[in-house]
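Visitor: For the sequence shown, counting from 1, position 141 maps to 141 in the UniProt record's numbering; every step adds exactly one. Positions of the beta carbon are idealized from the N, C-alpha and C atoms, including for glycine.
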Amino acid sequence: MTGKGTILVTGGAGYVGSHTVLELLNNNYSVIALDNLVNCYAEKNDKPESLKRVEKLTGKQIIFYNVDIRDKTSLDKIFKVHSIDFVIHFAALKAVGESVQIPLTYYQNNIAGSSTLFEVMQSNGVKKIVFSSSATVYGIPQFLPITEEHPTGQGCTNPYGKTKYFVEEILKDVCVSDHEWKVILLRYFNPVGAHESGEIGEDPSGIPNNLMPYIAQVAVGRREKVYVFGNDYPTPDGTGVRDYIHITDLAIGHVQALTKLNDTTFFGWKAFNLGTGRGYSVLDVINAFSKASGKIIKHEFVNRREGDVAASFADASLAKIELNWTATRGIDEMCKDTWNWQSKNPNGFKKK
Ligand code: NAD
Ligand code: WQD
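1. Hey, would you say the C-beta of R242 is under 7 Å away from at least one heavy atom of the ligand WQD?
2. Suppose contacts are defined by Cβ-Cβ distances below 8 Å. Is E333 in contact with H195 by that definition?
3. Using a Cβ-Cβ cutoff of less than 6 Å, which residues in the same chain neighbour G230 once the five nearest sequence positions on both sides are dropped?
4. Determine the extent of the alpha helix (DSSP H) in which H19 is found, giving its start and end residues.
5. Within 10 angstroms of the Cβ of N110, are there 16 or more other Cβ atoms? Answer buried if so, exposed if not.
6. Which runs of the alpha helix (DSSP H) fall wholly inside the region 259-319 and span at least 4 residues, in chain order?
7. Classify L93 as helix, strand or coil using the three-state DSSP reduction.
8. Does the ligand WQD have a heavy atom nearer than 7 Å to the CB of T136?
9. Taking only heavy atoms of the ligand WQD into account, decide whether any of them is closer than 7 Å to the Cβ of Y227.
10. Between Y227 and E300, is the Cβ-Cβ spacing less than 8 Å?
11. Would you say W341 faces chain D, with C-beta separation under 8 Å as the test?
12. V174 to I62, Cα distance in whole Å?
13. Between K94 and the ligand WQD, is the CB less than 7 Å from at least one heavy atom?
14. Following a CB-centred definition, is A314 positioned closer than 7 Å to any heavy atom of the ligand NAD?
15. What's the gap between the Cα of V78 and the Cα of G5?
16. Verify the contact flag: Y15, CB atom, against every heavy atom of the ligand NAD, threshold strictly below 7 Å.
17. So is residue 439 buried or exposed if we call it buried at 16+ other beta carbons inside 10 Å?
18. Note the first and the last residue of the continuous alpha helix (DSSP H) segment covering F118.
19. Provide the residue span of the beta strand (DSSP E) that contains V183, from first to last.
20. Among all the DSSP beta bridges, which residues are the ones paired with H246?
21. What would DSSP say about P204, mapped onto helix, strand or coil?
22. Among residues of its own chain, excluding the 5 on either side of F166, which ones have a beta-carbon nearer than 6 Å to its beta-carbon?
23. Could you check which residue in V285, S281, L186 and A310 has the C-alpha nearest to that of Q256?
24. What is the DSSP secondary structure of L171, counted as helix, strand or coil?
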C-alpha cells in the first residue's frame, strides 16, 4: 500500500473526478484514473488535460488508463497489475435531456458499465467503493430539507436519474450477497464552482444544460443571455431553488467517505447527502455571479423546463455526524471560483 492507499477513480478526468483526484493526492492517496474520454478533453495520445493540470497543481503523478468501464478484460488487467484498495466510481453519462432521447445508451453505459466494474471488483477481491449518486434519486421532494430517509426511485422521471437509482439498488443487493462489501452512496445536490487556482473546472461540450456554466458563458461573452426556466414556482421569487455545493467541498466529501470505508465497524451500504443545506433561487445565483464577475448578466424568463421541481435542498446533517464533513464554501465563493476558471479558460481545456 502506497501512502494511505491506492484508489481507482473511474471517470477520473471529468469535472467531479478531476477535483476529487486533486484532493486525494493532497491527502496522500495514490491515484489510478481511468476514463474513456467521452466527456473530457485530451490531445491525441496524451493524458486528459484536466489530469495534467492536477499533476502540475499537486506535483504528483497520476497513472492514467484510456479504458471504458464496459471493457471487462481491460478492467481486469488494471486490477491485476495494481494493488487497488478502494474504487471511487464517477464514470457515467449525465445529460438528463439526452438520456430521454437515447435511453438505451444510458442504460448500457451507466448500468451495464457499473455492473461490469462491480463484477471485476468482486473477482479481484476489491470490495470497497464510493459511488457518485445524485439527489435526482429522490424524484419530486415529498418534504424539505431532503434527508437520506426520503423514498428513492419513485419520481425519477428520466433515464439518467433511473440509472443512478438502479445502480444504488445493485450495490445494495451486492452487500446483501457478500458481507465483506462496504459501499458509500454519495448523493450530490448541485455541484458548481472550480478549484481556487482556476486551472481546472467544469468544461461542458456544446450548450450547457446546467445553470452555473450557462451563466459563466454569458458573463464571458460566449452566450447572449440566460433563459430562466419559469418564474411562477411557489418559491420566494418564483424561480427554482437548488442546493448548490462547491466542487472542492464535494471532492473533500469523497476523501471523508474513504475514511469511513476504513472504519472497521462499518459494513454494508450507507447513503449520504452532499449539499450545503441551503437553497438559492436562479435569480439569487445570477445576482451573486454578477457581483463576483463585475459583469451584467442579461436574462429572460421563459417557460418551465419539463421535469424540473420547484425546490430541492439537502439535510446534510448525517454527513456531518458520520463523515465529519460539512460544506464550508458559500454561493459567493462558488461564483468567484467559477468566474476565475471561466475567465482564465474561456474555451475550457481546449487552447482555442
Ligand atoms: P463528467 O462527464 O465531467 O465526468 C464523467 C467522466 O466519465 C467523463 O470524463 C467521461 O469521459 C467518463 N466516462 C463516461 N462514461 C464512461 C465509460 N463508459 N467508461 C469510462 N469513462 C467514462 O461528469 P461529472 O459532473 O464529473 O459527474 C461525475 C459523476 O457524478 C457522474 O456519475 C454523474 O452522474 C455524477 N453526478 C454529477 C452531478 C453534476 O451535476 N455534475 C450531480 C450528481 C451526480
Ligand atoms: C438549476 C436551476 C433550472 C439552466 C441537474 C440534474 C441533476 C444533477 C444536477 C446529476 C433549475 C434553472 C437551469 C438554465 C435555468 N445532475 N435553469 N436556466 O436541474 O437542479 O439538476 O444537475 O445528477 O440530476 O437534473 O440543475 O443547473 O440544470 O438547474 O433557469 O439555462 O436552474 O430550471 O431551477 P438541476 P440545473
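Guide: A quick look at the data gives this:
1. Taking the first residue of the sequence shown as 1, we reach residue 242 at position 242. Indeed, a heavy atom of the ligand WQD lies less than 7 Å from the Cβ.
2. The residue you call residue 333 lines up with position 333 of the sequence shown. The residue you call residue 195 lines up with position 195 of the sequence shown. For E333 and H195, no; Cβs fall outside 8 Å.
3. Numbered from its first residue, the sequence shown carries residue 230 at position 230. Apart from sequence neighbours up to five positions away, the residues of its chain that approach G230 with a beta-carbon distance below 6 Å are R304, ordered along the chain.
4. Here residue 19 is taken as the residue at index 19 of the sequence shown, counted from 1. Per DSSP, H19 belongs to the alpha helix (DSSP H) from Y15 to N26.
5. Position 110 of the sequence shown, counting from 1, holds the residue named residue 110. It is buried - the Cβ of N110 has at least 16 other Cβ atoms within 10 Å.
6. Runs found: 282-293.
7. For this step, residue 93 is matched to residue 93 along the sequence shown. Three-state DSSP puts L93 in coil, outside helix and strand.
8. Locating residue 136 in the sequence shown gives position 136, counting from the first residue. It does: the Cβ of T136 is within 7 Å (strictly closer) of some heavy atom of the ligand WQD.
9. Your numbering for residue 227 matches position 227 in the sequence shown. Under cutoff, so the answer is yes.
10. Counting from one through the sequence shown, the residue named residue 227 turns up at place 227. Counting from one through the sequence shown, the residue named residue 300 turns up at place 300. Yes, Cβ-Cβ distance for Y227 and E300 is below 8 Å.
11. The chain inventory of the structure shown lacks chain D, comprising one protein chain alone.
12. Mapped onto the sequence shown, residue 174 falls at position 174. Mapped onto the sequence shown, residue 62 falls at position 62. Near 30 Å, if we compare the C-alpha coordinates of I62 and V174.
13. Numbered from 1 along the sequence shown, position 94 holds the residue referred to as residue 94. Judged by the Cβ position, K94 qualifies as a neighbour of the ligand WQD at the 7 Å threshold, a heavy atom of the ligand being closer than this.
14. By 1-based counting over the sequence shown, the position of residue 314 is 314. Incorrect: A314 has no Cβ contact closer than 7 Å to the ligand NAD.
15. In the sequence shown, counting from the first residue as 1, residue 78 sits at position 78. In the sequence shown, counting from the first residue as 1, residue 5 sits at position 5. Per the sequence shown, residue 78 should be read as Ile rather than Val. Cα-Cα distance, rounded: 16 Å.
16. For this step, residue 15 is matched to residue 15 along the sequence shown. Yes, the ligand NAD has a heavy atom inside 7 Å of this Cβ.
17. Since the first residue of the chain shown is 1 and the last is 352, residue 439 is not available in this structure.
18. For this step, residue 118 is matched to residue 118 along the sequence shown. Looking at the DSSP string, the run of the alpha helix (DSSP H) that includes F118 is G113 to S123.
19. One-based indexing of the sequence shown puts residue 183 at position 183. Segment K182 to Y188, the beta strand (DSSP E) holding V183.
20. Your numbering for residue 246 matches position 246 in the sequence shown. Under DSSP, H246 shares a beta bridge with V192.
21. By one-based count along the sequence shown, residue 204 stands at place 204. Of the three classes helix, strand and coil, the one that applies to P204 here is coil, per DSSP.
22. Within the sequence shown, residue 166 is the residue found at index 166, counting from 1. Residues of the same chain with a CB within less than 6 Å of the CB of F166, apart from the 5 flanking positions on each side, are I111 in chain order.
23. By one-based count along the sequence shown, residue 256 stands at place 256. Of V285, S281, L186 and A310, the residue nearest in Cα terms is L186.
24. Indexing the sequence shown from 1 puts residue 171 at position 171. In this structure, L171 counts as helix in the three-state DSSP scheme.
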